[in-house]
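Worksheet for the structure shown next.
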Amino acid sequence: MIKLNVDDVNSGADIVKAEININAMLNSLLDKFGIPDDRKKIIDDMRDIVTGFSRVFSVRVYKNEDFCNLLEGLGAERLKEIIEIHINILKAQDEALAVIEGIRDDVAKRELQVKFYGRQNAYPLHLKILFNGADSDEVYGKFTSDNYVAEFIAIKEEALGLVEDSRDVSVEGVPQ
Numbered sequence: 001m002i003k004l005n006v007d008d009v010n011s012g013a014d015i016v017k018a019e020i021n022i023n024a025m026l027n028s029l030l031d032k033f034g035i036p037d038d039r040k041k042i043i044d045d046m047r048d049i050v051t052g053f054s055r056v057f058s059v060r061v062y063k064n065e066d067f068c069n070l071l072e073g074l075g076a077e078r079l080k081e082i083i084e085i086h087i088n089i090l091k092a093q094d095e096a097l098a099v100i101e102g103i104r105d106d107v108a109k110r111e112l113q114v115k116f117y118g119r120q121n122a123y124p125l126h127l128k129i130l131f132n133g134a135d136s137d138e139v140y141g142k143f144t145s146d147n148y149v150a151e152f153i154a155i156k157e158e159a160l161g162l163v164e165d166s167r168d169v170s171v172e173g174v175p176q
């Protein structure tokens with residue numbers, strides 16, 4: 001179990017030291033799990049979300065050391081699976097937005113942009129909800145049973161239907 005008492009932090013220098021210690025502990029754990037640097041950045045982004053302030057009272061806000069302990073409880077394989085689920089959602093977002101950009105009808109394009117950005121802006125809260133489990137098993141179960149990626153696939157499919165000539169837009173949204 002990772003333990004760092006940040007409740008006793010009093011000064012700005014103490015805060016910096018505590019953050020350095022948390023980062024060192026997290027990096028050490030991720031190294032132990034064989035997580036590559038690009039995936040460590042993803043975990044750091046997730047940590048920022050789940051340790052950040054939440055306006056939703058029923059959603060847990062993790063302390064950094066609790067987040068590290070959760071990752072430790074998940075283990076290497078389950079953590080890698082969660083990272084891939086998150087990456088697939090980010091890829092689906094990119095693909096949907098790229099297709100939306102290919103829509104020539106400005107009104108239809110704006111409507112889908114509103115839908116897209118609404119779902120994209122809701123994702124951090126959704127991520128907090130996925131991490132809102134009593135233990136690592138529950139968190140893992142929430143991630144593996146979640147289908148948030150379908151939200152962006154549906155938006156992409158709707159956008160493809162609105163593209164005047166779908167041959168003008170590749171999967172990445174770059175005209176051919």
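Here full-length UniProt numbering is used: position 1 in the sequence shown is 1, and no number is missing along the way. Where a beta carbon is used, it is the ideal one built from N, C-alpha and C, also for glycine. Computed from a predicted model, the values in this text were never measured in an experiment.
Starting from residue i, follow the alpha helix (DSSP H) in both directions and report where the run begins and ends.
i	result
alanine 154	149 to 162
isoleucine 135	According to the sequence as given, residue 135 is aspartate; it is not isoleucine. First-last for aspartate 135: undefined, no H or E at that position.
arginine 78	64 to 101
arginine 47	37 to 50
Do you know how far the Cα of residue j is from the Cα of residue i?
i	j	result
lysine 128	isoleucine 49	7 Å
isoleucine 42	leucine 130	15 Å
leucine 29	leucine 97	34 Å
isoleucine 22	glutamate 84	24 Å
asparagine 27	asparagine 64	13 Å
glutamate 72	histidine 86	18 Å
methionine 1	isoleucine 100	Only weak support exists for where methionine 1 lies, its pLDDT of 48 falling under 50; the coordinates are left without a value.
leucine 90	leucine 162	22 Å
alanine 92	phenylalanine 116	11 Å
valine 139	asparagine 147	14 Å
leucine 4	valine 114	Unreliable positioning characterises leucine 4 in this predicted model, as indicated by a pLDDT of 47, which lies under 50. A coordinate reading is not provided.
lysine 40	glycine 141	22 Å
valine 16	leucine 70	Because the pLDDT of valine 16 is 49, which lies under 50, any placement of that residue in the model is unreliable, and the number read from its coordinates should be weighed accordingly. Taking the straight line joining both Cα atoms gives about 23 Å.
serine 54	isoleucine 82	22 Å
arginine 119	phenylalanine 143	17 Å
leucine 160	serine 145	27 Å
glycine 52	aspartate 38	22 Å
Report the residue from the options whose alpha carbon sits nearest the alpha carbon of residue i.
i	options	result
valine 61	Lys115, Leu125 and Asp94	Leu125
aspartate 66	Gly141, Phe143 and Ser136	Ser136
valine 59	Gln120, Ile89, Asn132 and Asp38	Asn132
aspartate 94	Lys142, Val149 and Asp38	Val149
alanine 122	Asp38, Val56 and Ala24	Val56
alanine 24	Asp38, Cys68 and Leu74	Cys68
alanine 134	Leu74, Asp38 and Gly52	Leu74
Meets three-Cβ-pair contact criterion under 8 Å: the region 151 to 165 and the region 73 to 82: no
message: For the structure I just gave you, are there three or more beta carbon pairs, one from the region 31 to 51 and one from the region 100 to 107, closer than 8 Å?
response: When C-beta atoms of the region 31 to 51 are compared with those of the region 100 to 107, fewer than three pairs fall below 8 Å, so the two segments do not count as touching.
- request: Would you be able to state if there are at least three C-beta pairs under 8 Å between the region 105 to 125 and the region 21 to 41?
  value: no
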